[in-house]
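J.: Numbering (this note's numbering), first residue to last: 30 to 265.
Following this message is one structure expressed as structure tokens.
Here you go:
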């Protein structure tokens with residue numbers, strides 16, 4: 030059969046026009062280009078490696094009338110996106126722009142909805158690394174401890190700076206037999222003072238006082254004043 034020149038020209042023109050539009054008609058098993066249409070639906074991947082206005086990222090996969098069985102339109106996420114996390118997941122955030130105080134860890138938790146909750150500082154330590162604290166000990170002394178690099182307190186050291194006595198204690202050394210010293214609140218000994226119930230210091234019987242005109246009295250060994258006695262030259 031002889032074909033006329035006009036029929037051939039029309040066929041060539043159609044081929045050029047169809048190619049320019051991005052649609053190539055393939056025979057059985059043909060692989061389409063961008064947005065390709067397969068002839069009998071027997072194409073393998075239906076142009077899975079090509080870019081399609083239908084199948085971009087997040088496109089719909091599966092069987093389509095354009096691709097035949099298995100003719101999926103390419104897409105990276107299928108028909109939906111998976112949750113950003115699994116409920117119950119826990120994630121530590123390393124090197125946060127604002128570090129947590131006291132060796133804390135910036136951590137976030139995955140909520141029941143499958144999304145990350147706002148992060149917060151957890152596992153915060155007892156103290157700031159390198160800081161020191163003191164506590165009283167002994168006789169007005171003190172002992173020191175240091176916060177370690179793990180933000181936990183170390184043990185207390187030995188007691189230092191102690192005073193001479195325990196506040197409130199008493200001793201008679203260096204005093205008359207009628208008096209005593211009492212340890213002060215700063216753990217130092219106060220001056221001699223009369224013991225409770227004593228009226229005077231005996232001073233070995235040499236402690237008189239005036240008790241009227243030309244009269245005096247001496248402190249007894251019982252730490253009480255003897256009766257007044259007349260005296261001459263006693264300047265009383």
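Backbone N, C-alpha and C define an ideal beta-carbon position, used for all residues, glycine too.
#1: Quick check on residue 194: buried or exposed, where buried means 16 or more other Cβ atoms within 10 Å of its Cβ?
#2: To the nearest angstrom, how far is the alpha carbon of residue 117 from that of residue 176?
#3: Would the beta-carbon of residue 248 fall within 8 Å of that of residue 229?
#4: Can you give the Cα-Cα distance for residue 213 and residue 224, rounded to whole angstroms?
#5: My output table needs one value for residue 253: the three-state DSSP class, helix, strand or coil.
#6: Would you tell me roughly how many angstroms separate the C-alpha atoms of residue 256 and residue 200, rounded to the nearest one?
#7: Quick one: what does DSSP say residue 164 is sitting in, helix, strand or coil?
#8: To the nearest whole angstrom, what separates the beta carbons of residue 158 and residue 139, a pair I think is in contact under 8 Å?
#9: Less than 8 Å between the C-beta atoms of residue 215 and residue 150, yes or no?
#10: Would you mind stating whether residue 209 and residue 222 have Cβ atoms separated by less than 8 Å?
#11: Would residue 189 and residue 172 be called neighbours here (beta carbons separated by less than 8 Å)?
#12: With burial defined as no fewer than 16 other Cβ atoms inside 10 Å of the residue's Cβ, what is the status of residue 205: buried or exposed?
#13: Return the residue from the list 262, 252, 161 and 155 that minimises the CA-CA distance to residue 180.
#14: Alpha carbon to alpha carbon, what distance is there between residue 128 and residue 153?
#15: Going by other Cβ atoms of all chains shown within 10 Å of its Cβ, with 16 needed for buried, is residue 263 buried or exposed?
#16: Who are the Cβ neighbours of residue 137 in its own chain at under 8 Å, not counting the five residues just before and after it?
T.: Once the coordinates are examined:
#1: With 16 or more other Cβ atoms within 10 Å, it is buried.
#2: Going from the Cα of residue 117 to the Cα of residue 176 covers about 34 Å.
#3: At the C-beta level, residue 248 and residue 229 come within 8 Å of one another.
#4: Rounded to whole angstroms, the gap between the alpha carbons of residue 213 and residue 224 is 16 Å.
#5: It is coil, neither helix nor strand.
#6: Cα to Cα, the separation comes out at about 30 Å.
#7: The three-state reading of DSSP puts residue 164 in strand, counting E and B together.
#8: Not quite, the Cβ-Cβ distance comes to about 31 Å (not below 8 Å), so this is no contact.
#9: Their beta carbons are not under 8 Å apart, which means residue 215 does not touch residue 150 by this criterion.
#10: Yes. Within cutoff.
#11: Contact: yes.
#12: With 16 or more neighbouring CB atoms inside 10 Å of its own CB, residue 205 falls in the buried class.
#13: Of the listed residues, the one whose Cα sits closest to residue 180 is 155.
#14: Just so you know, the alpha carbons of residue 153 and residue 128 end up roughly 11 Å apart.
#15: Under this definition residue 263 is an exposed residue.
#16: The residues are 119, 120, 122, 145, 146, 147, 148 and 149.
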